[in-house]
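The numbering of the sequence shown is this note's numbering, which starts it at 112 and goes up by one.
Ideal Cβ positions, reconstructed from N, Cα and C, are used throughout, including at glycine.
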Amino acid sequence: MKSNNWVDLPLRIFSGVLLLLVLLIGMWFGVAGILFLLFMATIAMHWEMGQMFGARRRRLFVICSVAGLGWLPLVVQPTVLNFGFFLPIIASFLPVVIGSSMIGKQRGVYIIYGVILTLGTMAFWYITINFGVFGVTVLATLVILSDIGGYVAGRLIGGRKFWPSISPNKTWSGIFAGWFLATLFGYVLMQYGGAFWTVPVCVAVVIGAQLGDIAESWVKRRAGVKESSGLIPGHGGVLDRLDGFIGGAAVLCLSAIIFLS
């Protein structure tokens with residue numbers, strides 16, 4: 112084990128604890144608090160996407176303004192879901208459509224990841240509205256377990272890289288560690304009233320989180336940047352921190368629709 116493998120650990124722990132504290136404060140205020148955090152995170156992620164792909168100043172302002180105006184009704188009046196998904200879909204995809212006309216490069220990549228980002232945030236919104244703090248707690252726990260498993264196993268065990276051309280730091284040992292921790296968490300949930308599908312759904316959510324991480328790594332490579340921004344010391348940007356939530360939320364939302372509808 113090389114000591115320089117852990118050189119970033121103190122900063123990562125400090126930033127991680129602060130982010131967890133912010134999430135807990137939002138959850139303390141219930142659904143309204145979580146939706147407010149989602150609203151702020153969505154604007155930040157669209158800002159990061161815009162600047163990664165060459166948008167500057169006024170264009171970034173327009174992208175963020177459209178994201179704020181598009182998502183504000185979903186946060187202030189979440190009962191808009193009672194009228195179906197048409198209005199939420201239009202509102203949430205509007206920033207991607209407008210932003211694609213204002214970036215300076217890789218418009219196709221921007222649109223593809225914009226769609227992924229929007230579907231993930233919509234899924235998180237759906238989970239919050241329908242399952243409240245419990246649903247968000249389950250999602251956050253699985254994403255955190257995936258990150259911990261990937262980080263610790265990747266540095267303690269190392270081994271073959273999962274996809275070196277896209278995400279050079281991700282190892283097969285870290286991937287399997289995330290699946291293992293998800294299995295344990297799913298088993299615990301099943302003991303407290305979960306159904307037979309709890310364990311496979313938990314593993315699937317972690318796989319979704321890992322794919323979300325890989326998708327964001329691919330986007331950064333195409334955009335020619337190492338991090339989405341420098342907003343979060345030790346973690347890069349908001350996209351770098353929430354990429355797992357995007358993929359994990361999509362899988363959890365789909366699973367809820369399949370098994371609980």
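My assumption, with CB atoms under 8 Å, is that W182 sits in contact with A166. Please give the rounded CB distance.
The sequence position of residue 182 within the sequence shown is 71, counting from 1. The sequence position of residue 166 within the sequence shown is 55, counting from 1. Their Cβ separation, rounded to whole angstroms, is 18 Å, which puts W182 and A166 out of contact at 8 Å.
Residue range of the beta strand (DSSP E) that includes W274: The count along the sequence shown starts at 1 and reaches residue 274 at position 163. Residue range 272-274 is occupied by the beta strand (DSSP E) that includes W274.
- Task: Measure the alpha-carbon distance for W290 versus V312 and round it to whole angstroms.
- Result: As a working mapping, residue 290 is identified with position 179 in the sequence shown. As a working mapping, residue 312 is identified with position 201 in the sequence shown. Distance between W290 and V312, taken at the CA atoms: about 11 Å.
> Roughly how many whole angstroms lie between the Cα atoms of S61 and V316?
Replying inline: Given that the chain is displayed from residue 112 to residue 372, the structure contains no residue 61 and the question cannot be resolved.
Quick one: what's T282 bridged to in DSSP? Here residue 282 is taken as the residue at index 171 of the sequence shown, counted from 1. Per DSSP, K272.
Based on the DSSP output, what are the partners of G347 in its beta bridges? Position 236 of the sequence shown holds residue 347. Note: G347 sits in a beta bridge opposite I343.
Q) Per DSSP, what kind of secondary structure is F172 in: helix, strand or coil? A) For the purposes of this step, residue 172 is taken as the residue at position 61 of the sequence shown. Three-state DSSP puts F172 in a helix.
*Within its chain, find whatever has a CB closer than 7 Å to the CB of T153; leave out the 5 residues flanking it on each side and keep chain order.*
Here the question's residue 153 lines up with position 42 in the sequence shown. Once the five neighbours on either side are set aside, the close Cβ partners of T153 are A178, W182, T232.
Original post:
Rounded to a whole number of angstroms, what is the C-alpha to C-alpha distance between W139 and E159?
Top reply: For this step, residue 139 is matched to residue 28 along the sequence shown. For this step, residue 159 is matched to residue 48 along the sequence shown. Cα atoms of W139 and E159: separation of roughly 27 Å, rounded to the nearest angstrom.
Enumerate in chain order the residues of its own chain whose CB-to-CB distance from G161 is below 8 Å, with the five nearest sequence positions on each side excluded.
Along the sequence shown, one-based indexing puts residue 161 at 50. If we look at G161 and ignore the five residues flanking it on each side, its Cβ neighbours are R170, L171, I174, C175, G210, M213, I214.
Exercise for review: Pull up the CB-CB distance for S257 and Q217, whole angstroms please, since I reckon it's below 8 Å.
Suggested key: Your numbering for residue 257 matches position 146 in the sequence shown. Your numbering for residue 217 matches position 106 in the sequence shown. Their Cβ separation, rounded to whole angstroms, is 28 Å, which puts S257 and Q217 out of contact at 8 Å.
Who are the near neighbours of Y298 in its chain, counting only those whose CB is closer than 7 Å to its CB and skipping five residues on each side?
As a working note, residue 298 is residue 187 in the sequence shown. Contacts found: V310.
Practice task
For the stretch 131-168, list the alpha helix (DSSP H) runs that are entirely contained and at least 4 residues long, ordered along the chain.
Solution key: Fully enclosed alpha helix (DSSP H) runs of 4 or longer: 141-163.
- Nearest to I277 by alpha carbon, out of F307, Y262, V244, E327? Counting from one through the sequence shown, the residue named residue 277 turns up at place 166. Closest option to I277, Cα to Cα, is E327.
Thinking just about the alpha-carbon of each residue, which of G348, K337, G323 is nearest to the one in Y224? The count along the sequence shown starts at 1 and reaches residue 224 at position 113. Comparing alpha carbon positions, the residue from G348, K337, G323 closest to Y224 is G323.
inquiry  = Going by DSSP, what residue range makes up the alpha helix (DSSP H) through S212?
reply    = Taking the first residue of the sequence shown as position 1, residue 212 is located at position 101. Run containing S212: none; DSSP gives neither H nor E here.
Sequence-distant residues of the same chain with beta carbon closer than 8 Å to N142, five excluded per side
Looking up residue 142 in the sequence shown gives position 31. According to the sequence displayed, residue 142 carries Val and not Asn. Taking V142 as the centre and dropping the five residues before and after it, the same chain places the C-beta of P189, T239, I240, G243, V244 closer than 8 Å to its C-beta, in chain order.
Quiz item: From which residue to which residue does the alpha helix (DSSP H) around E327 run?
Solution: Sequence index remark: in the sequence shown, residue 327 carries index 216 (1-based). Counting along the chain, the alpha helix (DSSP H) containing E327 begins and ends at 309-334.
How about V247 and I145: do their beta carbons lie closer than 7 Å? Position 136 of the sequence shown, counted from the start, is the residue given in the question as residue 247. Position 34 of the sequence shown, counted from the start, is the residue given in the question as residue 145. Yes. Within cutoff.
Considering only the beta carbon of each residue, do V314 and A293 sit closer than 7 Å? If you number the sequence shown from 1, residue 314 lands on position 203. If you number the sequence shown from 1, residue 293 lands on position 182. The Cβ atoms of V314 and A293 sit closer than 7 Å to each other.
- [ ] With a cut-off of 8 Å on the beta carbons, I'd call A360 and F235 a contact; round off their distance for me.
- [x] Your numbering for residue 360 matches position 249 in the sequence shown. Your numbering for residue 235 matches position 124 in the sequence shown. Contact holds; Cβ gap of about 4 Å.
- Local Cβ density within 10 Å of P275, reported as buried at 16 or more and exposed below that: Position 164 of the sequence shown, counting from 1, holds the residue named residue 275. Classification of P275: exposed, given that the 10 Å Cβ count is below 16.
To the nearest angstrom, how far is the alpha carbon of R123 from that of L228? Residue mapping note: residue 123 aligns to position 12 of the sequence shown, counting from 1. Residue mapping note: residue 228 aligns to position 117 of the sequence shown, counting from 1. Their backbone Cα atoms lie some 24 Å apart in a straight line.
Exercise. Identify which residue in L365, G348, I369 has its Cα closest to the Cα of G127.
Key: The residue you call residue 127 lines up with position 16 of the sequence shown. In terms of Cα proximity to G127, the closest of L365, G348, I369 is G348.
Exercise. Of the choices W329, V249, V207, whose alpha-carbon is the least far from that of F356?
Worked result: Here residue 356 refers to the residue found at position 245 of the sequence shown. Minimum Cα distance to F356 is reached at V249.
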